[in-house]
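J.: For the sequence shown, numbering that gives the first Met the number 0 begins at 0 and goes up steadily by one. Note that the Cβ used here is the ideal one computed from N, Cα and C, for glycine as well. I am attaching a structure below and will ask some questions about it afterwards.
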Amino acid sequence: MRWIGVVRILVIVCTLLSTWYFAEKIFVSKWEARSLRYIFGSWSCKSAWCDSWPVSGPDETEVKEEKSQKKNENKCGNDKECPPNYFAFKILSGAANVVGPSICLEGTTLMSSVKNNIGRGLNIALVNASTTELLKTGHFDMYSGDVKLVQDFLEPMKEGTLILMASFDDPATKLDEKTREMLTSYGSSFAKKLGFRDSWTFVGGKGLKNKSPFEQHLKNDKETNKYDGWPEVLEISGCIPKKME
Ligand SMILES: *[C@@H]1O[C@H](CO)[C@@H](O)[C@H](O)[C@H]1NC(C)=O
């Protein structure tokens, strides 16, 4: 009966070999798939095998990062996404005379401290209301500057130009009747009342038929201001309907 013993040993050896073979094969293929996934960062991989094992180590943090970016992926960091044929915008007026204003349209910052194109007074960006193409930006000191410069900036505007404005420090001391009238004709409700160190954000347009719904004004009041005699930040955001040709 020696051959039975030989067969038993053969069976045991075969079992061990095949176990080792399959174990290695599975382990190696998982490891390879995983490292490839890591190298290429192909997080869009949707097939069942991609998710058939727990992800740990650097993988996990990458997934988390992707998720947190998704939260804020709306243009200009807005809470809501705009429907087609609307442009996302966000405007912040300056805080006191310290933090500058910023103007964002369709995910592009048009004016900010970082872009180094803002200043005390009125900050204005002119944009094509059909395409959001930036036409020009300007900032005008309304405490000691020349209001004629604002008029010269605004007057050549063509119909279908969008005007985005933010105040910083004092937007009003030099503002005369003529300029207030111009701004009113672009849809502003507050341009006529604007006073020393008021906070103001406004989106208007040349050729606009009605008052703009995108405007905020905060009267400067020493008693109630957050920063004593200085203006507070106003933030306005939303979706501007695209001007159809
Ligand atoms: C806006 O862009 C369109 C397409 O290029 C052009 O036809 C139109 O004149 C532009 N409008 C303004 C106000 O620049």
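How should Ile-102 be labelled, buried or exposed, when 16 other C-beta atoms within 10 angstroms of its C-beta is the threshold for buried?
T.: The residue is buried, with at least 16 neighbouring Cβ atoms inside 10 Å.
J.: Roughly how many angstroms lie between the CA atoms of Ser-211 and Glu-132, to the nearest whole one?
T.: About 20 Å.
J.: Does the distance from the CB of Arg-119 to the CB of Asp-175 come in under 8 Å?
T.: It is not a contact, given that the beta carbons lie outside the stated cut-off.
J.: Helix, strand or coil for Phe-189? Go by DSSP, reduced to three states.
T.: Reduced to three states, the DSSP call for Phe-189 is coil.
J.: Buried or exposed for Pro-170, going by 16 or more other Cβ atoms inside 10 Å?
T.: Buried, by the Cβ-count rule.
J.: Assign Ser-184 to one of three DSSP states: helix, strand, or coil.
T.: Three-state DSSP puts Ser-184 in a helix.
J.: Work out the CA separation of Trp-229 and Lys-205 for me, nearest whole Å.
T.: Lys-205 and Trp-229: Cα-Cα distance of roughly 31 Å.
J.: State the start and end residues of the unbroken alpha helix (DSSP H) segment that holds Leu-153.
T.: Per DSSP, Leu-153 belongs to the alpha helix (DSSP H) from 146–153.
J.: Would Asn-84 be called buried (16 or more neighbouring beta carbons within 10 Å of its own) or exposed?
T.: Classification of Asn-84: exposed, given that the 10 Å Cβ count is below 16.
J.: Just mark Ile-3 as buried or exposed, buried being the case when its beta carbon has 16 or more other beta carbons within 10 Å.
T.: Ile-3 should be labelled exposed.
J.: Nearest to Gln-215 by CA position, among Leu-233, Glu-222, Lys-208 and Gly-106, is which residue?
T.: Nearest of Leu-233, Glu-222, Lys-208 and Gly-106 to Gln-215, Cα basis: Leu-233.
J.: So Leu-109 packs on Met-141, CB below 8 Å; how close in whole Å?
T.: Going by Cβ atoms, the distance from Leu-109 to Met-141 rounds to 20 Å, so no, they are not a contact pair.
J.: Say yes only if the C-beta of Ser-184 is nearer than 7 Å to one or more non-hydrogen atoms of ligand 1, and no if none qualify.
T.: Not so, every heavy atom of ligand 1 lies at least 7 Å from the Cβ.
J.: If you scan the stretch 72–116 from start to end, which runs of the alpha helix (DSSP H) of 4 or more residues do you find wholly inside it?
T.: List check, alpha helix (DSSP H) in window: nothing returned.
J.: Verify the contact flag: Thr-108, CB atom, against every heavy atom of ligand 1, threshold strictly below 7 Å.
T.: No; taking the cut-off as 7 Å, the Cβ of Thr-108 has no heavy atom of ligand 1 nearer than that.
J.: Any idea if Val-126 is buried or exposed, counting beta-carbon neighbours within 10 angstroms, 16 or more meaning buried?
T.: By the 10 Å Cβ count, Val-126 comes out buried.
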